[in-house]
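Residue numbers (the numbering used here): 202 to 509. Structure record follows, encoded as structure tokens.
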């Protein structure tokens, strides 16, 4: 077992993860009682070859063998997020934050809570993170987004503006400000801000995604669709998509835009692509659900599905 473990670690250092995972598996077969380091290293190689469920099991074993290790719980939480298992990830990330309070752990947990629409909890975590580092731009950006999600638009806009100024107009801050303004109904200003972001970073998918989101708020489905298609042009290819993939968000956005322009058959295809990867998407994002419901009615998909 020891020989196979050393072999596996050597192969891992050479990024030969398929061979490494085989060697780790053989080491585990020969000697059942693995250490936390063994399971961590095994998980790293399994994750590298996209054997995510097995990697999650290995990360969980590493965390359980060393329950006071914040990094172990954080690794498990991060992988569960990647798999779209946000409800399972949240307790792991919460434990990592409790064991080792940091801005990174707070952001990870708050992002998961936001995904789960647990906005009050996300706000509390982010407020604590601001105490840890009042200059952390990404914390302030997410906090502005969370406040907007609670319809606290004045606070959200003020914070987003301050963050944009303190970050010297960083792209992420501009897109957050634009989306917060759009949520608050300040559509003309939101459009100016996000167009400036696109001009600054024309190859960044976030800028085009934010532009499309603003156009959706303006009920301009044609312009939104064009922006989302440019977003897709900027995304890295990803044939094997996970629920957390930006391609799933793109498919949802594209479905909304297609629904707005009345192309409901195409919209349904996009929405079904979302649901294949993330069956609970519309439960977590209720603001998107009305577009999906409209397309269901227009296509008669529910009736056809029940008849079949």
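Think of the CB as a built atom: it goes at the ideal place given N, C-alpha and C, for glycine as much as any other residue. Source: prediction; values computed, not measured.
Bounding residues of the alpha helix (DSSP H) (the contiguous stretch that carries residue i)
| i | result |
| --- | --- |
| residue 355 | 354-367 |
| residue 432 | 422-435 |
| residue 454 | 447-461 |
| residue 203 | 203-214 |
| residue 442 | No alpha helix (DSSP H) holds residue 442; DSSP gives it neither H nor E. |
| residue 293 | 287-300 |
| residue 407 | 406-418 |
| residue 245 | 237-249 |
| residue 488 | Premise fails: residue 488 is in no alpha helix (DSSP H) and is neither H nor E. |
| residue 262 | 253-266 |
| residue 466 | 465-478 |
Backbone secondary structure at residue i - three-state DSSP
| i | result |
| --- | --- |
| residue 401 | helix |
| residue 282 | helix |
| residue 371 | coil |
| residue 318 | coil |
| residue 350 | helix |
| residue 326 | helix |
| residue 380 | helix |
| residue 510 | Because the chain here runs from 202 to 509, residue 510 falls outside it and cannot be looked at. |
| residue 385 | coil |
| residue 217 | coil |
| residue 497 | helix |
| residue 223 | helix |
Contact check, residue i vs residue j, beta carbons under 8 angstroms
| i | j | result |
| --- | --- | --- |
| residue 393 | residue 429 | no |
| residue 323 | residue 311 | yes |
| residue 461 | residue 471 | no |
| residue 257 | residue 280 | yes |
| residue 339 | residue 308 | yes |
| residue 537 | residue 221 | Residue 537 lies beyond the range of the chain shown here (202 to 509); nothing can be said about it. |
| residue 372 | residue 427 | no |
Anticipated Cβ contact below 8 angstroms, residue i with residue j, distance rounded
| i | j | result |
| --- | --- | --- |
| residue 379 | residue 357 | That pair is no contact at about 12 angstroms. |
| residue 381 | residue 346 | 7 angstroms |
| residue 333 | residue 377 | Residue 333 to residue 377, Cβ: 20 angstroms. No contact. |
| residue 403 | residue 436 | That belief does not hold up - the Cβ atoms of residue 403 and residue 436 are roughly 14 angstroms apart, past 8 angstroms. |
Open item on the list: Does the segment 234-246 come into contact with the segment 254-264, if we say contact requires no fewer than three beta-carbon pairs (one atom in each stretch) closer than 8 angstroms?
Closed with: Yes, the segment 234-246 touches the segment 254-264.
- [ ] Could you say if the segment 283-294 and the segment 434-454 meet the contact criterion of at least three C-beta pairs nearer than 8 angstroms?
- [x] With a cut-off of 8 angstroms on Cβ pairs, the segment 283-294 is in contact with the segment 434-454, counting three or more such pairs.
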